[in-house]
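Using the working numbering, the letters of the sequence shown map in sequence onto residues 54 to 251.
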Amino acid sequence: MDGFPAAPPRPARQGGAWLFLRRWARDPLQMGSIIPSSPALGRRVARASDWSGDGCVVELGAGTGAISRALLGAGLPPERLCLVEIVPEMAEHLRAALPGVEVVTGDAFALPDILPRRLRGRVRTVICGIPLVLLPLERQRAFAAAAEGAAPGRGFLLYTYCATSPLRHRALGLAARREAFTLLNFPPASVWRYSPGG
Ligand SMILES: C[S@@+](CC[C@H](N)C(=O)[O-])C[C@H]1O[C@@H](n2cnc3c(N)ncnc32)[C@H](O)[C@@H]1O
C-alpha cells in the first residue's frame with residue numbers, strides 16, 4: 054500500500070456528438086455523416102442482425118457507438134460484439150463508453166487479419182457503417198471480399214441515406230435487399246442486406 058487511494062474508474066462517456074462533429078470537420082469523406090446515427094436506426098440494424106447460438110456481431114466504423122448501443126440494448130452480450138474503428142481517438146472513446154465490448158483500432162478492409170482470434174468462425178453478422186457509397190467500385194469489391202473473409206457466405210448489412218442501393222451490387226456479384234427504413238434519423242436512412250451470389 055503506497056498511501057494513495059486507487060484511481061476511480063473513468064465515467065463512461067455516452068454521447069460523443071462533439072467528437073463526431075470534430076472528426077467530420079477534419080475528414081468528411083471518412084466520416085460520411087455530421088452526426089451519429091439515431092436510436093431508431095440502431096434498433097432497425099439490431100433487428101436485422103443475427104447472433105444466434107454462440108454467434109457474434111462485427112460492426113465496422115462504429116464511430117461513437119450509436120449502433121453498438123442499440124445492439125447491446127437488443128440483448129447482444131457485450132463479449133459477442135466486436136467493433137472496428139479506424140480513428141484511434143474514436144476507438145478510445147468506444148472502449149471507455151462500452152465496457153466489455155472488444156474494440157479493434159484498425160481498417161475494416163483488413164477485417165480477416167484484424168478480427169480477434171476468439172471470434173473467428175463465429176461471426177453471424179457484419180454491419181458496415183463506413184461510407185462505401187463514396188468509394189470506387191474496386192474499393193467496394195475489396196470491402197465485400199473482406200466481409201466475406203470474416204463471415205463466409207453471410208454477406209453484410211449496410212445502413213445508408215441513399216434511396217436506392219448505395220452499391221452496384223450486380224457488378225459486385227451480390228444480391229441486395231432493403232430490409233428497413235426510418236424517417237427518425239438525420240438524414241432518413243435505410244438498412245440494406247447484401248448477400249453473396251447476386
Ligand atoms: C457514418 S460514421 C458511422 C458511425 C456510427 N456507426 C454511427 O452510426 O453513428 C462512419 C465511421 O466509419 C469510420 N471509418 C471510416 N473508414 C473506416 C475504415 N476503413 N475502417 C474502419 N472504420 C472506418 C469513421 O471513422 C466513422 O467513425
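Glycine included, each C-beta is placed from N, C-alpha and C at the ideal position. This structure is a prediction, so every number in the text was calculated from the model and none was measured.
Cβ neighbour criterion (16 or more within 10 Å) applied to residue i
i, result
"F57", "Since pLDDT at F57 reaches only 41, below the 50 mark, its modelled position is unreliable, and the value read off the structure follows with that caveat. With fewer than 16 other Cβ atoms within 10 Å, it is exposed."
"A123", "buried"
"T217", "exposed"
"S258", "What the structure shows of the chain is the stretch from 54 to 251, and residue 258 is not part of that stretch, so it cannot be assessed."
"G106", "exposed"
"A200", "buried"
"L134", "buried"
"P219", "buried"
"T170", "According to the sequence displayed, residue 170 carries Arg and not Thr. Counting Cβ neighbours within 10 Å, R170 comes out exposed, since fewer than 16 surround it."
"R97", "buried"
"L125", "buried"
Short Cβ contact (8 Å threshold) for residue i with residue j
i, j, result
"A161", "F196", "yes"
"R221", "L190", "yes"
"L72", "I87", "no"
"L225", "R194", "yes"
"A233", "S243", "yes"
"L164", "G202", "yes"
"A5", "N238", "Since the first and last residues shown for the chain are 54 and 251, residue 5 lies out of range."
"R223", "G206", "no"
"V156", "E132", "no"
"I120", "G159", "no"
"S90", "Y212", "yes"
"L136", "W104", "no"
Neighbourhood of residue i by C-beta distance below 8 Å, restricted to the same chain and skipping five residues each side
i, result
"L82", "P184, L187"
"A65", "For A65, the predicted model reports a pLDDT of 41, less than 50, meaning its position is unreliable and no value from the coordinates is stated."
"A16", "Residue 16 lies beyond the residue range present for the chain, which begins at 54 and ends at 251; the question has no answer from this structure."
Own chain, CB closer than 7 Å to residue i, minus 5 neighbours either side, in chain order
i, result
"A60", "Confidence in A60 is poor, its pLDDT being 38 and thus under 50, which makes the residue's placement unreliable; the coordinate value appears in the next sentence. Hits under 7 Å: none found."
"R76", "M84, V140, M143"
Cβ shell of residue i (< 6 Å), same chain only, five flanking positions each side left out
i, result
"A127", "A99"
"P62", "With a pLDDT of only 34 at P62, under the threshold of 50, the placement of this residue in the model should not be trusted; the figure read from the coordinates follows. There are no such residues."
"L168", "A203"
Please list the segments of the beta strand (DSSP E) lying wholly inside the region 119-144, counting only runs of 3 or more residues, in order along the chain.
134-138
For the structure I just gave you, are there three or more beta carbon pairs, one from the region 107-118 and one from the region 173-182, closer than 8 Å?
yes
Fully enclosed by the region 174-207, which alpha helix (DSSP H) runs are 4 residues long or longer?
190-203
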